[in-house]
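Undergrad: Structure incoming, see below.
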Amino acid sequence: CLYSSCLDSCGDSSLCDPDNGLSNCSQCEPITLELCMNLPYNHTKYPNYLGHRTQKEASISWESSLFPALVPTNCYKYLMFFACTILVPKCDVTTSQRIPPCRALCEHSKERCESVLGIVGLQWPEDTDCSQFPEENLDNKTCLMPDEEVEECSPSHFKCHSGGCVLAFRRCDGQADCDDDSDEENCGCKERDLWECPSNKQCLKHTVICDGFPDCPDNMDEKNCSFCQDDELECANHECVSRDLWCDGEVDCSDSSDEWDCVTLSKTVDSSSLLSVHRSATEHYVCADGWQETLSQLACWQMGLGEPSVTESIPEEEEIQQWLRLRSNWENVSGTTVHKLLVPGQSCPSRNKISLLCTKEDCGRRPAARMNKR
Amino acid sequence: ILGGRTSRPGRWPWQCSLQSEPSGHICGCVLIAKKWVLTVAHCFEGRENAAVWKVVFGVNNLDHPSVYMQTRLVKTIVLHPRYSRAVVDYDISIVELSEDISETSYVQPICLPRPGQSLEPDTYCYITGWGHMGNKMPFKLQEGEVRIISLEQCQSYFDMKTITTRMICAGYESGTVDSCMGDSGGPLVCEQPGGQWTLFGLTSWGSICFSKVLGPGVYSNVSYFIGWIEKQIYIQSFLL
Chain A
1 CLYSSCLDSC
11 GDSSLCDPDN
21 GLSNCSQCEP
31 ITLELCMNLP
41 YNHTKYPNYL
51 GHRTQKEASI
61 SWESSLFPAL
71 VPTNCYKYLM
81 FFACTILVPK
91 CDVTTSQRIP
101 PCRALCEHSK
111 ERCESVLGIV
121 GLQWPEDTDC
131 SQFPEENLDN
141 KTCLMPDEEV
151 EECSPSHFKC
161 HSGGCVLAFR
171 RCDGQADCDD
181 DSDEENCGCK
191 ERDLWECPSN
201 KQCLKHTVIC
211 DGFPDCPDNM
221 DEKNCSFCQD
231 DELECANHEC
241 VSRDLWCDGE
251 VDCSDSSDEW
261 DCVTLSKTVD
271 SSSLLSVHRS
281 ATEHYVCADG
291 WQETLSQLAC
301 WQMGLGEPSV
311 TESIPEEEEI
321 QQWLRLRSNW
331 ENVSGTTVHK
341 LLVPGQSCPS
351 RNKISLLCTK
361 EDCGRRPAAR
371 MNKR
Chain B
1001 ILGGRTSRPG
1011 RWPWQCSLQS
1021 EPSGHICGCV
1031 LIAKKWVLTV
1041 AHCFEGRENA
1051 AVWKVVFGVN
1061 NLDHPSVYMQ
1071 TRLVKTIVLH
1081 PRYSRAVVDY
1091 DISIVELSED
1101 ISETSYVQPI
1111 CLPRPGQSLE
1121 PDTYCYITGW
1131 GHMGNKMPFK
1141 LQEGEVRIIS
1151 LEQCQSYFDM
1161 KTITTRMICA
1171 GYESGTVDSC
1181 MGDSGGPLVC
1191 EQPGGQWTLF
1201 GLTSWGSICF
1211 SKVLGPGVYS
1221 NVSYFIGWIE
1231 KQIYIQSFLL
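Quick note, the sequences are listed as chains A and B, same order. With the first letter of the first sequence counted as 1, position 110 gets the number 110 in the numbering used here; the numbers rise by one all the way through. Just so we're on the same page, the numbering used here is the position in the second sequence counted from 1, plus 1000.
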């Protein structure tokens, strides 16, 4: 029902009878369990014959791993079909009735596969007692039997050319599992409609290409994803923004990546570390005029480090074209980053640049065990 | 934790308990900075509203508040955008606390590994948590020593699942020490030369831990996500 779960309380009782004004209470639901997406029916009803109350519960159940793992033993051709009739029982959408497997299907599955389980010390699932299922009645279809339409393999399997199924992840794993080795044929990414990393031949789904998350060792899956103009830079999500907006303190990429990694410490030959800002993707030094210790603290925190331990002004010998200087009212700029407080295009009267040493936050320490007199 | 032992108070000062009413403890979590905690994304399935969560630090017995206990509300929950509920991949989440914790000897952040830093198979590390012990749910924090297993060997235990480079496997083939329900989000930590402990994994999934057929535990590989973790802390702290 719309306002409450229809499970046990409804069943076949009149509670959800349309006449009493409740809107439709069809208990059929579309099958979403991936394992059983290739059945000759596509609606199911819970609880199922294993006592699971939802498809999610069924998907993490022991049986949903057990039966597919049994299929490659070829103990019974329709084992997967039987497994699905009890994991996601067919629901007749016109009557909302659950249609069970026929007793014969259950008995054939159990007779031929129970012994295989026994070999590895496992038991046939207790609550798949076949006597609970009806005998096949040819004139009215009250139970399910496989017909020629039924797939032997589930979507989680690969169908061998010689017949039989192997688990999908065994495809192209370098070990032949099918009798005819067909699971190791046509293993190129292109044949499997996948994308190939040039560096290590790894195959990737097309959905992960250019999605902002590198998957190839050399990040090639995130290259050539957009065609920015010469005066533009590419965001992590492959949008293009003007170079002038890069690290200006204002977010312009929708994923904010134009404001990432803007502030770094660059080592000099005399081992001091200069504070540098990548304004417009060009490295700038910071003029020391008006600098305060609180700004050193903000810079260290912004780089994920601890408190500043040393702040120095280093004279600049060379003629620098591009200084960044503190804007005049920087104290009034709230909720900010260090580089938002800096403006380009100004001279630096003192010609001193900022050098900074930040501490590293301590971590991973356990208190020493206390000494207790006994 | 299966096959573990009760921890001494204060032995794992980065361990926290992610709680939501009315059930209380739901998942483990790990303190990585004064205002930031790591856990796994699947703990928030169906409950992604930060307002229903709180985080408890500095506690050993969940049933006995201690003078060292600190409780914080949750300000922000960030799930990894690629988290896949179906295959439990990219199972990681970072949580911003409503305010800083105060660092004491009972509440300390763990170190994070370098990006991509890997663990050699057969390295011994520790898992901790208040999860199922096989016969009961404990009140006292449990700890267990586990051995890192190669991904290839791990894949051989899980036919129906794919073990990816976002995962680390640990445990014994015989499956004596293992994480279990309620340990999710808790730490897999290894001691580094010099005595500092580093977080390499977050308890994520595994076989049905109290069934006869056991396999290793599977943990989110924290070193794979260092760039993402740092980015999220930076964005939440400086750009929003």
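Note that beta-carbon positions come from the ideal geometry of N, C-alpha and C, so glycine has one too.
(1) DSSP on D1253 of chain B, reduced to helix/strand/coil?
(2) Can you tell me whether I1229 of chain B sits near the ligand MG, meaning its C-beta is under 7 Å from at least one heavy atom of the ligand?
(3) Output, in sequence order along the chain, the residues in the stretch 285-303 of chain A whose CB is closer than 8 Å to any CB in chain B.
(4) Note down, in chain order, every chain B residue with its Cβ under 7 Å from the Cβ of V88 of chain A.
(5) Mapping DSSP to helix, strand and coil, what is F158 of chain A?
(6) By the 7 Å beta-carbon criterion, what residues does the stretch 56-80 of chain A contribute toward chain B?
(7) Only counting runs of 3 or more residues, tell me where the beta strand (DSSP E) segments fall wholly within the stretch 1133-1180 of chain B, in order along the chain.
(8) If you count every other CB in all the chains shown that lies within 10 Å of the CB of L1073 of chain B, and 16 or more means buried, which is it?
(9) Can you tell me which of the three DSSP states E34 of chain A falls into?
(10) Around the Cβ of D258 of chain A, are there at least 16 other Cβ atoms within 10 angstroms (buried) or fewer (exposed)?
(11) Can you give me the Cβ contacts of E1145 of chain B inside the same chain, cut-off strictly under 7 Å, excluding the 5 residues immediately before and after it?
(12) How big is the Cα-Cα spacing for I1233 of chain B and N74 of chain A?
(13) With 16 as the cutoff for other CB atoms within 10 Å, does V88 of chain A come out buried or exposed?
(14) What are the boundary residues of the alpha helix (DSSP H) that includes P68 of chain A?
(15) The beta strand (DSSP E) spanning H284 of chain A covers which residue range?
(16) Cutting at 6 Å between CB atoms, please list the residues of its own chain near C153 of chain A, excluding the five before and the five after it.
(17) Does chain B have any CB closer than 8 Å to the CB of T268 of chain A?
(18) So is R53 of chain A in contact with chain B if we call contact Cβ pairs under 8 Å?
(19) So, helix, strand or coil for E152 of chain A, using DSSP?
(20) Hey, could you find the ends of the alpha helix (DSSP H) S384 of chain A is sitting in?
(21) What are the partner residues of S199 of chain A, as DSSP defines its beta bridges?
(22) Chain B partners of V384 of chain A, CB-CB under 8 Å?
(23) On the premise that C348 of chain A lies in contact with R366 of chain A, defined as a C-beta separation below 8 Å, what is that separation, rounded to the nearest angstrom?
(24) Got a sec: is the Cβ-Cβ distance from F158 of chain A to anything in chain B below 8 Å?
(25) Could you tell me the distance, in whole angstroms, from the CA atom of K1054 of chain B to the CA atom of L1079 of chain B?
(26) Note the first and the last residue of the continuous beta strand (DSSP E) segment covering I1026 of chain B.
(27) Examine chain A for any beta-carbon lying closer than 8 Å to the beta-carbon of W1036 of chain B, and answer yes or no.
(28) Can you list, in chain order, the residues of the stretch 1007-1036 of chain B whose Cβ is nearer than 9 Å to any Cβ on chain A?
(29) Starting from Y1234 of chain B, trace the alpha helix (DSSP H) in both directions and tell me its first and last residue.
(30) Would you call the stretch 289-309 of chain A in contact with the stretch 326-339 of chain A, where contact means no fewer than 3 C-beta pairs closer than 8 Å?
(31) State the start and end residues of the unbroken alpha helix (DSSP H) segment that holds E114 of chain A.
(32) Take R1166 of chain B and list the residues in its own chain whose beta-carbon comes closer than 7 Å to its own, dropping the five residues that flank it on each side.
(33) Put V88 of chain A into one of helix, strand or coil per three-state DSSP.
(34) Using CA atoms only, rank isn't needed, just tell me which of B:K1231, B:E1230, B:S1204, B:I1226 is closest to V1218 of chain B.
(35) Helix, strand or coil: which one does DSSP assign to F1200 of chain B?
(36) Give me, in chain order, the residues of the same chain whose beta-carbon lies closer than 6 Å to that of E316 of chain A; leave out the 5 immediate sequence neighbours on both sides.
TA: For this structure:
(1) Since the first residue shown for chain B is 1001 and the last is 1240, residue 1253 of chain B is missing from the structure and cannot be characterised.
(2) This structure simply doesn't include the ligand MG, nor any ligand for that matter.
(3) W301, Q302
(4) Residue 88 of chain A sits at position 88 when you count from the first residue of the first sequence. Residues of chain B whose Cβ lies closer than 7 Å to the Cβ of V88 of chain A do not exist; the shortest such Cβ separation is about 16 Å.
(5) The sequence position of residue 158 of chain A within the first sequence is 158, counting from 1. Strand, per DSSP.
(6) W62, S65, P68, A69
(7) 1142-1149, 1167-1170
(8) Position 73 of the second sequence, counted from the first residue, corresponds to residue 1073 of chain B. With fewer than 16 Cβ atoms within 10 Å of its Cβ, L1073 of chain B is classed as exposed.
(9) Reading the first sequence from its first residue, position 34 is the one you call residue 34 of chain A. Residue state, collapsed to three classes: helix.
(10) For the purposes of this step, residue 258 of chain A is taken as residue 258 along the first sequence, with counting starting at 1. Classification of D258 of chain A: buried, given that the 10 Å Cβ count is 16 or more.
(11) Residue 1145 of chain B sits at position 145 when you count from the first residue of the second sequence. Only Y1124, Y1126, V1177 meet the Cβ criterion.
(12) Here residue 1233 of chain B is taken as the residue at index 233 of the second sequence, counted from 1. Here residue 74 of chain A is taken as the residue at index 74 of the first sequence, counted from 1. Distance between the alpha carbons of I1233 of chain B and N74 of chain A is about 52 Å.
(13) Position 88 of the first sequence, counted from the first residue, corresponds to residue 88 of chain A. Answer is buried; the Cβ neighbour count reaches 16.
(14) Stepping through the first sequence from its first residue, residue 68 of chain A is reached at position 68. Start and end: 63-70.
(15) On the first sequence, position 284 is the one that residue 284 of chain A refers to. From DSSP, the beta strand (DSSP E) with H284 of chain A extends over 282-286.
(16) Locating residue 153 of chain A in the first sequence gives position 153, counting from the first residue. The answer, listed in chain order, is K159, C165.
(17) Here residue 268 of chain A refers to the residue found at position 268 when the first sequence is read from its first residue. Chain B contact via Cβ: absent.
(18) Here residue 53 of chain A refers to the residue found at position 53 when the first sequence is read from its first residue. No, R53 of chain A does not count as interfacial toward chain B.
(19) Numbered from 1 along the first sequence, position 152 holds the residue referred to as residue 152 of chain A. Correct three-state label for E152 of chain A: coil.
(20) Because chain A in this structure spans residues 1 to 374, residue 384 of chain A falls outside the shown range and cannot be described.
(21) For this step, residue 199 of chain A is matched to residue 199 along the first sequence. Note: S199 of chain A sits in no beta bridge, so no partner.
(22) Since the first residue shown for chain A is 1 and the last is 374, residue 384 of chain A is missing from the structure and cannot be characterised.
(23) Taking the first sequence and counting its residues from 1, one reaches residue 366 of chain A at position 366. Taking the first sequence and counting its residues from 1, one reaches residue 348 of chain A at position 348. With a Cβ gap of about 47 Å, R366 of chain A and C348 of chain A do not count as contacting.
(24) Position 158 of the first sequence, counting from 1, holds the residue named residue 158 of chain A. Not an interface residue.
(25) Numbered from 1 along the second sequence, position 54 holds the residue referred to as residue 1054 of chain B. Numbered from 1 along the second sequence, position 79 holds the residue referred to as residue 1079 of chain B. Each residue's Cα considered, the two are about 16 Å apart.
(26) Here residue 1026 of chain B refers to the residue found at position 26 of the second sequence. That run of the beta strand (DSSP E) goes 1024-1033.
(27) Position 36 of the second sequence holds residue 1036 of chain B. Judged by the 8 Å Cβ criterion, W1036 of chain B is not in contact with chain A.
(28) R1008, G1010, R1011, W1012, P1013, W1014, I1032, A1033, K1034
(29) Your numbering for residue 1234 of chain B matches position 234 in the second sequence. 1226-1234 is the span of the alpha helix (DSSP H), which, as asked, contains Y1234 of chain B.
(30) yes
(31) Along the first sequence, read from residue 1 onward, the residue named residue 114 of chain A stands at position 114. DSSP places E114 of chain A inside the alpha helix (DSSP H), whose first and last residues are 103-119.
(32) Walking along the second sequence from the start, residue 1166 of chain B turns up at place 166. Correct list, in chain order: D1089, Y1090, S1220, N1221, Y1224.
(33) As a first step, residue 88 of chain A is located in the first sequence; it is residue number 88 there, counting from the start. Looking at V88 of chain A - three-state DSSP - the assignment turns out to be coil, as it is neither helix nor strand.
(34) The count along the second sequence starts at 1 and reaches residue 1218 of chain B at position 218. When B:K1231, B:E1230, B:S1204, B:I1226 are compared, the shortest CA-CA separation from V1218 of chain B is found for B:S1204.
(35) Position 200 of the second sequence, counting from 1, holds the residue named residue 1200 of chain B. In this structure, F1200 of chain B counts as strand in the three-state DSSP scheme.
(36) If you number the first sequence from 1, residue 316 of chain A lands on position 316. The residues are R351, K353.
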